[in-house]
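**Student:**
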Amino acid sequence: MPELPEVETIIRSLSSKLIGLEGSSFNFFFPGLLKNNDQDILQKLKGKKVIHLRRRGKWILIDFENNLSLVCHLKMTGQLLFIPSERPLDKHTHFILSFKDSRYELRFRDVRKFGSISCYPTPEVLKFLNLGPEPLRVSFSHFRKLFQGRRGRLKNLLLNQSFLAGIGNIYADEILFEAKLHPGLPVSLLEEEEFLRLWKAIRFILRMAIEYRGTSIRDFRDAEGQEGDFRNRLRVYGKESELCSRCGEEIERLRKGGRSSFFCPQCQVEKNRGID
DNA sequence: ATTCGGACCTGAAAGC
DNA sequence: TGCTTTCAGGTCCGAA
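Just so we're aligned, residue 704 is where the first sequence starts under the working numbering, counting upward by one.
1. Using the rule of at least 16 other Cβ atoms within 10 Å of the residue's Cβ for burial, across every protein chain shown, is C822 buried or exposed?
2. Grab the span of the alpha helix (DSSP H) containing I713 for me, first residue to last.
3. Given a cut-off of 7 Å, decide if L909 and L839 are closer than it, judged by their beta-carbon atoms.
4. What span of residues does the alpha helix (DSSP H) with K980 cover, start to end?
5. Closer than 6 Å to a non-hydrogen atom of the ligand ZN - does that hold for the CB of G928?
6. Using the Cβ count rule (16 or more neighbours within 10 Å means buried), how would you classify R854?
7. Look up C735 in the DSSP assignment and say whether it is helix, strand or coil.
8. What did DSSP end up calling N872 once you bin it into helix, strand or coil?
9. What does a CB cutoff of less than 7 Å around Y985 pick up in its chain, not counting 5 residues either side in sequence?
10. On the DSSP letters alone, give me the boundaries of the alpha helix (DSSP H) that L1004 sits inside.
11. Within its chain, find whatever has a CB closer than 6 Å to the CB of L957; leave out the 5 residues flanking it on each side and keep chain order.
12. Going by beta-carbon coordinates alone, are E927 and S716 separated by less than 7 Å?
13. Would you decide whether D760 is buried or exposed? Buried here means 16 or more other CB atoms lie within 10 Å of its CB.
14. From the DSSP output, which residues share a beta bridge with G726?
15. So L849 is in the alpha helix (DSSP H); what residue range does that whole segment cover?
16. Can you tell me whether E894 is buried or exposed? The criterion is at least 16 other CB atoms within 10 Å of its CB, across all chains shown.
17. Between the C-alpha atoms of E808 and R921, what's the straight-line distance to the nearest angstrom?
18. Contact between the segment 854-864 and the segment 802-818 is defined here as three or more beta-carbon pairs at a separation below 8 Å; is this criterion met?
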């Protein structure tokens with residue numbers, strides 16, 4: 704579910720509430736949620752305060768004062784909710800972290816159980832993740848260098864988290880539409896001016912999506928359970944057979960191994976450049 | 001070296 | 001109506 708803008712939205716709505724709170728107890732209802740750890744390490748979070756929340760790509764990092772960090776990935780349907788403890792549990796709540804002197808608690812909810820939580824020493828956390836640069840922080844010249852030695856199709860590269868961290872299926876399609884580039888374009892054929900268009904489109908789309916607090920199509924909710932509004936701004940994702948808002952052509956859908964790409968066949972193809 | 005399909009899960013929606 | 005199939009904001013792994 705959540706890509707960079709959704710995770711950023713969660714972080715923003717959660718930071719001010721969590722920072723300064725002291726962990727008091729935790730509870731796993733689905734032990735498989737905890738990856739690469741046993742529950743013993745979490746005991747060390749009891750009595751420790753949250754000092755910082757961070758996003759890295761699609762990962763959520765919660766740093767505690769004793770140099771340990773909770774590392775969460777929401778995958779497709781995960782939700783991180785900060786809600787009153789008296790709110791009834793449902794069968795998809797897999798983890799609860801409670802805090803001293805707070806009537807709110809942090810709940811990890813995940814219908815499909817793909818999500819994960821683990822705990823690492825703060826200084827080592829980022830090494831495990833093996834992520835490319837942040838799309839909103841990378842300079843154009845750095846961005847341009849990332850393509851050196853890269854092959855394959857443009858959309859595949861945008862989805863590769865070790866290339867750039869945080870872009871998923873929705874925003875890859877929206878970015879490519881904004882940049883007027885075909886998802887299947889071999890990256891070796893990109894022209895100089897197109898790299899700049901792509902870099903600008905990434906910034907434009909992701910910033911706007913953050914401003915609208917993410918895209919809620921099915922499951923995404925922020926930490927308070929609120930939906931994001933970017934759904935209304937989508938121009939190609941999920942819009943097969945609708946008319947392109949730029950040229951009026953019908954939006955097409957390509958399927959590859961269970962995943963779909965939506966694009967405008969008129970706006971997003973120029974010349975024959977290896978696109979089938 | 002890339003790309004594709006399947007696996008991990010559940011439930012909503014579409015298809016028949 | 002009810003049963004079956006398809007599909008989903010992610011990522012990993014192994015086979016073509």
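Just so you know, even glycine gets a beta-carbon here, dropped at the ideal spot from N, CA and C.
Predicted, not measured: the structure shown is a model, and the values here were computed from it.
**Tutor:** Result, derived from the coordinates:
1. buried
2. L707 to L721
3. yes
4. It is not possible to answer for residue 980, since the shown part of the chain is limited to 704 through 979.
5. As for the ligand ZN, it is missing from this structure, which has no ligand bound.
6. Under this definition R854 is an exposed residue.
7. One point to set straight first is that residue 735 is Gly, not Cys, in the sequence displayed. Helix, per DSSP.
8. helix
9. Residue numbering for the chain in the displayed model covers 704 to 979; residue 985 lies beyond these limits and cannot be assessed.
10. This structure gives no information on residue 1004, because the portion of the chain shown stretches from 704 to 979.
11. Contacts found: S964.
12. yes
13. In the sequence as displayed, the identity of residue 760 is Gly instead of Asp. The residue is buried, with at least 16 neighbouring Cβ atoms inside 10 Å.
14. F802
15. F843 to L849
16. exposed
17. 24 Å
18. no
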